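Visitor: I'd like to ask you about the structure that follows.
There are 2 protein chains.
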Amino acid sequence: MRILVPFDAREPNTRLSSIFSPEQRRKLAELLLEDVLGAVHSAGHQPVVLATDRIDCEHPVEVDDRPLTAAVNAWLDANARPVGITMADLGLVTAGSIERLLEADGDVVIAPGLGGGTNALCVRHPGFRVDYHRGSYRKHRRAARDQGISVTTLDSFRLAVDIDEPADLVEVMLHGQGEAAEWLESEGFELDTSDGRCTVRQNES
Amino acid sequence: MRILVPFDAREPNTRLSSIFSPEQRRKLAELLLEDVLGAVHSAGHQPVVLATDRIDCEHPVEVDDRPLTAAVNAWLDANARPVGITMADLGLVTAGSIERLLEADGDVVIAPGLGGGTNALCVRHPGFRVDYHRGSYRKHRRAARDQGISVTTLDSFRLAVDIDEPADLVEVMLHGQGEAAEWLESEGFELDTSDGRCTVRQNES
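Chains as they are written, first to last, in my numbering: chain E, 369 to 573; chain A, 369 to 573.
Here's what the structure looks like:
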């Protein structure tokens, strides 16, 4: 199956700017993208990057500089079902979690993200369109219901964690199996387990 | 299978004190416990509450006022395998997620919690003991490896979200299927989708 992976090539991960330089944020975004593409490929599917600008990538890249929702819906207009759509910053993704997404029943399968987002979709119904941002999980469920499209919610932790905020880096360091996790370690980040939920800190040495 | 549900009957949910009164925190803790017990029961298993003090409950309650790790390990010493252990504050739990936990292969199955914790376990090996707090997911994996005990990590969003912090309430309101979700609505909480990840706010009216 073709799996669309939208990618913001310009200003990724702004909510991590308290921790990373702009250069580090770009590097992290690239590694997260590579990890997602690698997981899709390992699961036996064909990743297609939908980027806001040209990028260097060994997988097919289509460029559309419109906002996320408009770009994805234009791609859905032009392509046959079934397709998958997954965010580019799922730092815990594995081939197995992609397989679970694509094997679940339903006209549409949604893997929710923390905080009410939609991190990944399997879309089998031609009438379904996306509407990202501002609580998209609920919006997608309601829109599908209004059209009589069946929706399955996938119970996946690996697909629920997108890398937006400092706390998300903890999950990458604990559960990530790709290059982003290795890079965080190489940059000197380590887990701080001193209180409640773990946090990350950067080693000063 | 018997599923142990440790419950802090004295001072639950202290990290939610910016939002709730002590009375509300106790009420929320009770409803979350009821939701967990209900999910275990619906999945066809036998919940056993391990409480720090006597509580009113329709399911069996054993009282042990020692800290969590000591109390759970004493219970493991005294009871046969296999058993499940699940935290009492998993506000997204369903019978289906309990079934997935208990059906996964492995001497020990771990459902990790956000921030490096261990939210639920299926323990089939008699040698495994728990060590909660301060990054217990890694500690449990390492301890098992050192003893030659096989570990499976369960990819479950529903079991990954324990209700510790205000952001977790968003997940209960979005995905919870029990009494805790209903109670939050009845108390006037609603989702704020104005920026990035949703948050909760309390209706002033």
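For every residue, glycine included, the Cβ atom is placed at its ideal position computed from N, Cα and C.
These numbers were taken from a predicted model, which means no experiment stands behind them.
Please confirm if ARG383(E) has its CB atom under 9 Å from at least one CB of chain A.
Guide: Counting from one through the first sequence, the residue named residue 383(E) turns up at place 15. Closer than 9 Å: yes.
Visitor: Using alpha carbons as the reference points, say which of ALA411(E), ASP421(E), TRP551(E) and VAL373(E) lies closest to GLU379(E).
Guide: Residue mapping note: residue 379(E) aligns to position 11 of the first sequence, counting from 1. For GLU379(E), the nearest C-alpha among the options comes from ASP421(E).
Visitor: List, in order along the chain, the chain A residues whose C-beta lies closer than 8 Å to that of ALA397(E)?
Guide: Locating residue 397(E) in the first sequence gives position 29, where the first residue counts as 1. By Cβ distance, chain A contributes nothing, its closest Cβ being about 17 Å from ALA397(E), past 8 Å.
Visitor: Answer yes or no: do ILE531(E) and ALA488(E) have a C-beta to C-beta separation smaller than 9 Å?
Guide: By one-based count along the first sequence, residue 531(E) stands at place 163. By one-based count along the first sequence, residue 488(E) stands at place 120. Going by C-beta atoms, ILE531(E) is not nearer than 9 Å to ALA488(E).
Visitor: What are the residues in the segment 544-555 of chain E lying within 9 Å of chain A by C-beta distance?
Guide: Of all residues in the segment 544-555 of chain E, none has a Cβ within less than 9 Å of some Cβ in chain A.
Visitor: Which chain A residues are close to LEU559(E), counting only those with a beta carbon under 9 Å from its beta carbon?
Guide: Within the first sequence, the letter at position 191 stands for residue 559(E). Correct list: GLY484, GLY503 and ARG506.
Visitor: Opposite CYS490(E) in the DSSP bridges: which residues?
Guide: Counting from 1 along the first sequence, the entry for residue 490(E) is found at position 122. Partner(s): GLY452(E) and VAL477(E).
Visitor: Rounded to the nearest angstrom, what separates VAL416(E) and ALA511(A) at their Cα positions?
Guide: Locating residue 416(E) in the first sequence gives position 48, where the first residue counts as 1. Locating residue 511(A) in the second sequence gives position 143, where the first residue counts as 1. Straight-line Cα distance between these residues: approximately 41 Å.
Visitor: Would the segment 390-410 of chain A count as touching the segment 541-551 of chain A if we require 3 or more Cβ pairs under 8 Å?
Guide: Taking 8 Å as the limit for Cβ pairs, the verdict is that the segment 541-551 of chain A does touch the segment 390-410 of chain A.
Visitor: Compute the Euclidean distance between the alpha carbons of LEU469(E) and ALA548(A), then round it to the nearest angstrom.
Guide: Within the first sequence, residue 469(E) is the residue found at index 101, counting from 1. Within the second sequence, residue 548(A) is the residue found at index 180, counting from 1. Whole-angstrom Cα-Cα distance: 28 Å.
Visitor: For THR561(E), report the span of its beta strand (DSSP E) as first-last.
Guide: Against the first sequence, residue 561(E) aligns to sequence position 193. No beta strand (DSSP E) contains THR561(E), which DSSP labels as neither H nor E.
Visitor: Give the single residue among ASP457(E), PRO494(E) and ALA442(E) whose Cα lies nearest to the Cα of GLY474(E).
Guide: Reading the first sequence from its first residue, position 106 is the one you call residue 474(E). Of the listed residues, the one whose Cα sits closest to GLY474(E) is PRO494(E).
Visitor: State buried or exposed for ARG382(E), treating a residue as buried only when at least 16 other CB atoms are found within 10 Å of its CB.
Guide: Taking the first sequence and counting its residues from 1, one reaches residue 382(E) at position 14. It is Thr, not Arg, that sits at residue 382(E) in the sequence shown. Burial call: exposed.
Visitor: Report the residue from SER524(E), ASP499(E) and VAL568(E) whose alpha carbon sits nearest the alpha carbon of LEU436(E).
Guide: Working through the first sequence from its first residue, we reach residue 436(E) at position 68. When only C-alpha atoms are compared, the closest one is ASP499(E).
Visitor: Using the C-alpha atoms, what's the distance from PHE388(E) back to THR575(E)?
Guide: With chain E covering only 369 through 573, there is no way to say anything about residue 575(E).
Visitor: Within 10 angstroms of the Cβ of ILE423(A), are there 16 or more other Cβ atoms? Answer buried if so, exposed if not.
Guide: Numbered from 1 along the second sequence, position 55 holds the residue referred to as residue 423(A). ILE423(A) comes out exposed.
Visitor: Could you tell me which of ARG509(A), SER410(A), VAL461(A) and LEU482(A) sits nearest to VAL476(A), measuring between CA atoms?
Guide: Sequence index remark: in the second sequence, residue 476(A) carries index 108 (1-based). Closest by alpha carbon: ARG509(A).
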